[in-house]
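Taking the numbering used here, the leading residue of the sequence shown gets 7, the next gets one more, and so forth.
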Amino acid sequence: MITNLNNLPSYDTVGVMERVDRFCKRSIKKSSKVEGLKLALSMIDLTTLEGKDTPGKVRQLCYKAMHLHEGLENIPTVAAVCVYPTYVKIAKKALLNSNIQVASVATAFPSGQSSRSTKVMDTKFAVDQGADEIDMVISRGEFLAGEYNFVYDEIATIKEACGEAHLKVILETGELETLDQVRKASEIAMHAGADFIKTSTGKIQPAATMPVTYVMLDAIKDYYIKTGKIIGMKPAGGISTSKIALQYLVMLNEVLGEKWMNKTYFRFGASSLANDILMQLVKSETGYYQSANYFSKD
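Now the structure itself:
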């Protein structure tokens with residue numbers, strides 16, 4: 007059961023926007039930029055979540071995840087590959103002998119419109135197939151109706167179904183209407199057992215935004231102060247350029263600090279971000295941009 011939701015801080019949208027704007031104006035020197043790009047690359051959950059996904063496409067994405075760093079020195083791999091539950095076993099086999107995790111969406115992604123028993127079965131199936139991480143969606147209809155204990159209990163139930171797999175809880179912030187609602191949903195997810203809180207499915211607009219992410223980071227900070235437990239953060243959807251990724255990392259560092267500046271506690275949910283980072287790293291090494299055609303789209 008979740009309590010004390012009435013005592014949470016209230017957010018002024020204009021004030022949050024001004025704070026975020028300052029993060030975006032931070033100057034990053036060339037050497038720091040290169041290290042930041044490498045860090046961002048190591049934090050990516052390389053994702054394919056389309057109805058037209060096929061085993062071949064998933065294998066191709068896994069190959070890209072394992073080899074995109076080749077040809078450049080001291081380049082990390084991405085953190086994970088994220089797929090639907092039916093493709094977890096294929097991804098697990100394709101990523102064998104790598105340190106790349108397999109993440110899977112579950113709980114009737116992206117709508118969340120299904121029974122709890124079906125959501126539990128969905129989660130257990132993904133875990134049984136080999137998923138290291140589960141990305142679940144909350145029931146936004148129940149949340150917006152004020153059924154907070156329902157949302158809490160559902161997250162706690164899915165957390166139990168995850169077993170050893172880490173649980174990322176997707177708030178779908180584009181449907182939560184206000185920053186105060188985002189803070190409330192973050193609080194419920196963390197208290198219910200989330201290892202990560204995540205902005206979006208990437209299927210609803212707006213997806214990840216810096217103001218929303220700031221509020222979620224602020225919630226994580228307060229939770230850490232109260233409990234000593236580190237909760238991870240995953241902005242997802244719409245983060246496609248190196249410039250934006252670096253702005254997120256500046257905000258992460260200034261709000262939460264060094265403990266969170268790694269793939270264990272921060273991820274980007276993205277499909278095209280890796281290519282843009284690689285293009286920027288090639289430019290920093292050679293002085294020239296390579297065409298996007300040199301990098302696979304999937």
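All C-beta atoms in this analysis are idealised placements derived from N, C-alpha and C, irrespective of residue type, glycine included.
Check	Outcome
Hey, would you say C88 sits closer than 8 Å to S110, going by beta carbons?	yes
Where in the region 48 to 114 do unbroken runs of the beta strand (DSSP E), each at least 3 residues long, occur, reported from the N-terminal end onward?	50 to 53, 86 to 89, 107 to 112
Which runs of the alpha helix (DSSP H) at least 4 residues long sit entirely within the region 113 to 180? Give them in chain order.	122 to 134, 146 to 150, 154 to 168
Please report how far the alpha carbon of I283 lies from the alpha carbon of E139, in whole angstroms.	24 Å
Of the choices V218, I81, S104, whose alpha-carbon is the least far from that of G21?	V218
Since F272 sits in a beta bridge, which residues does DSSP pair it with?	M239
Any idea what DSSP makes of K204, helix, strand or coil?	strand
Exposed or buried, L102, counting other C-beta atoms within 10 Å across all chains shown (16 or more means buried)?	exposed
For the pair the region 217 to 237 and the region 179 to 189, tell me if three or more CB-CB distances fall below 8 Å.	yes
Closer than 8 Å is the cut-off here; do at least three beta carbon pairs connect the region 188 to 196 with the region 124 to 138?	no
To the nearest angstrom, how far is it from the Cα of E24 to the Cα of Y271?	26 Å
Could you have a look at P15 and say whether DSSP puts it in helix, strand or coil?	coil
For the alpha helix (DSSP H) holding A31, just list the boundary residues, first then last.	For the sequence presented, residue 31 should be read as Lys rather than Ala. Counting along the chain, K31 falls outside any alpha helix (DSSP H), and DSSP gives it neither H nor E.
Distance, Cα to Cα, I81 vs K44?	6 Å
Thinking C-alpha only, which one of K227, M72, T92, P91 is nearest T83?	M72
Short check: CB of P91 to CB of D51, under 8 Å?	no
Pairing CB atoms from the region 48 to 64 with CB atoms from the region 27 to 36, are three or more of them under 8 Å?	no
Let me check understanding here. Comparing Cα to Cα, which of K36, T247, V94 lies closest to T60?	V94
Which one of K35, K240, M216 has the shortest CA to CA distance from K308?	One cannot answer for residue 308 here, as it falls past the ends of the chain, which runs 7 to 304.
Can you name, in chain order, every residue of its own chain whose Cβ lies under 6 Å from the Cβ of L11, other than the five neighbours on each side?	K190
Please return the same chain residues whose Cβ sits closer than 8 Å to the Cβ of C168, not counting the five positions on each side in sequence.	T129, V133, I140
So, are the CB atoms of A151 and L173 less than 8 Å apart?	no
Can you tell which of T207, G77, G42, Y230 has the C-alpha that lies nearest to the C-alpha of T54?	T207
Do A225 and G244 have their C-beta atoms closer together than 8 Å?	no
Sort G42, L67, S145, T113 by Cα distance to Q107 and report the nearest one.	L67
Suppose you measure from the CA of R65 to the CA of T184; what does that come to, to the nearest Å?	39 Å
Taking the alpha-carbon of A251 as reference, which of L14, S16, I34 has the nearest alpha-carbon?	I34
To which residues of the same chain is G118 closer than 7 Å at the C-beta, ignoring the five residues directly before and after it?	V143, I144, S145, R146
Run through DSSP, which three-state label would N281 get?	helix
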